[in-house]
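Below you'll find the structure, written out as structure tokens, and then a few comments.
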Amino acid sequence: MIKIVGLGPGSKEDLTMRSINIMKNAHNLYLRTEIHPNVEYIRSLGVKFKTFDHYYENCETFDEVYESIARDVINTEDVVYAVPGHPLVAEKSVRLITKYAKEKGIEVEIIPALSFIDAITVALKIDPILGLKIIDGLQLDKQKPDIEVGNIITQFYSRLVASDIKLKLMKTYRDEDYVYVIRAAGVEGLEKIEKVHLYEIDRISWIDHLTSLYIPPVKDEGRYDFNELINVMDTLRGEDGCPWDKEQTHESLKRYLIE
2 MIKIVGLGPG SKEDLTMRSI NIMKNAHNLY LRTEIHPNVE YIRSLGVKFK
52 TFDHYYENCE TFDEVYESIA RDVINTEDVV YAVPGHPLVA EKSVRLITKY
102 AKEKGIEVEI IPALSFIDAI TVALKIDPIL GLKIIDGLQL DKQKPDIEVG
152 NIITQFYSRL VASDIKLKLM KTYRDEDYVY VIRAAGVEGL EKIEKVHLYE
202 IDRISWIDHL TSLYIPPVKD EGRYDFNELI NVMDTLRGED GCPWDKEQTH
252 ESLKRYLIE
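The numbering of the sequence shown is the working numbering, which starts it at 2 and goes up by one.
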């Protein structure tokens with residue numbers, strides 16, 4: 002049996018009693034990392050635990066880190082694994098653990114918690130129902146932002162990474178577009194929010210592992226992305242669209258592509 006608990010965004014008040022009791026009674030408690038605001042509180046309760054921080058020091062890539070953690074958890078009997086935030090939000094190690102556990106017939110119980118997304122939406126007073134996309138900042142080559150909705154960029158943990166993220170975002174956004182850099186959302190004494198131009202994001206000195214980037218929807222009607230092109234095509238080829246467009250096929254349009 003594997004139990005996976007969330008440690009919340011970082012405020013001890015957001016830890017659930019169920020998660021606390023499970024960690025107190027755990028025979029084998031492992032934390033993905035000790036670098037989290039709630040760890041000191043857990044230690045103050047007399048809870049004994051081990052961490053996987055050594056993998057961050059010894060592995061060459063994050064993929065190797067998460068793979069190593071998942072294998073260790075799978076091979077440990079009666080284990081409780083604790084991760085920052087919510088176990089199912091931006092936690093690749095959890096995805097791997099559930100995958101391998103299913104292959105081996107091991108039961109997994111997920112104990113939910115507040116995620117960093119909950120904390121950010123509260124801090125910025127945004128409603129996710131209006132559109133919100135979560136993007137891994139290290140995967141921007143594969144995960145593209147959507148200018149029509151808000152975008153939260155994760156893995157925004159250093160100025161070096163911020164610089165790389167900035168350059169990739171500038172392919173979609175303007176240098177002067179305003180964005181929000183948020184650290185430790187919802188954690189009293191640690192929370193910090195700064196509204197800056199996109200080109201300034203890697204100049205912020207306090208970026209750390211608790212930091213994310215939020216990009217508001219673009220309201221400029223003169224700016225379009227691929228989704229806008231699809232909407233135009235749907236309209237032109239729809240029931241009340243343009244008769245000429247509705248008649249076109251790949252063959253009829255081929256000569257224009259050749260030109």
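Ideal Cβ placement from N, Cα and C applies to all residues, glycine included.
What residue does the beta strand (DSSP E) around Ile216 start on, and which one ends it?
Thr212 to Ile216
First and last residue of the beta strand (DSSP E) that includes His198?
Lys193 to His198
Does the contact criterion of 3 or more C-beta pairs under 8 Å hold for the segment 4-12 versus the segment 49-66?
Verdict: no, contact absent.
Is the segment 171-181 touching the segment 145-152, taking contact as three or more C-beta pairs under 8 Å?
yes
Quick one: what does DSSP say Thr52 is sitting in, helix, strand or coil?
DSSP places Thr52 in strand when its eight states are reduced to three.
Spatial neighbours of Ala91 in its chain, beta-carbon cut-off 6 Å, leaving aside the 5 residues before and after:
Thr155
Beta-carbon proximity of Phe117 to Ser12, cut-off 8 Å
no
Return the first residue and the last residue of the beta strand (DSSP E) that Val74 is part of.
Careful: Val74 lies outside any beta strand (DSSP E), inside the alpha helix (DSSP H) at Phe63 to Ile75.
Which same chain residues, not among the five before or five after Val48, have their C-beta less than 7 Å away from its C-beta?
If we look at Val48 and ignore the five residues flanking it on each side, its Cβ neighbours are Met24, Lys25 and Leu30.
Under DSSP, the beta strand (DSSP E) around Arg184 begins and ends at which residues?
Tyr179 to Arg184
Can you say whether Ile130 is buried or exposed, counting buried as having 16 or more other CB atoms within 10 angstroms of its CB?
exposed
Exposed or buried, which one is Pro190 when buried takes at least 16 other CB atoms within 10 Å?
Just to set this straight, residue 190 is Gly in the shown sequence, not Pro. Gly190 comes out exposed.
Cβ of Ile205 within 8 Å of Cβ of Glu192?
no
DSSP state of Asp79 mapped onto helix, strand, coil
coil
Alpha carbon of Phe53 to alpha carbon of Asp137, nearest angstrom:
21 Å
First and last residue of the alpha helix (DSSP H) that includes Ile205?
Segment: none, Ile205 is in no alpha helix (DSSP H) and carries neither H nor E.
Euclidean distance between Cα positions of Tyr215 and Leu133:
Rounded to whole angstroms, Tyr215 to Leu133 spans 10 Å at the Cα level.
In chain order, what residues of the same chain have a beta carbon less than 6 Å from the beta carbon of Val109, not counting five sequence neighbours either side?
Ile3, Thr99 and Ala102
Taking the Cβ atom as the reference point for each residue, do Ala114 and Thr17 lie within a distance shorter than 8 Å?
yes
If you run the structure through DSSP and keep just helix, strand and coil, what is Leu254?
helix
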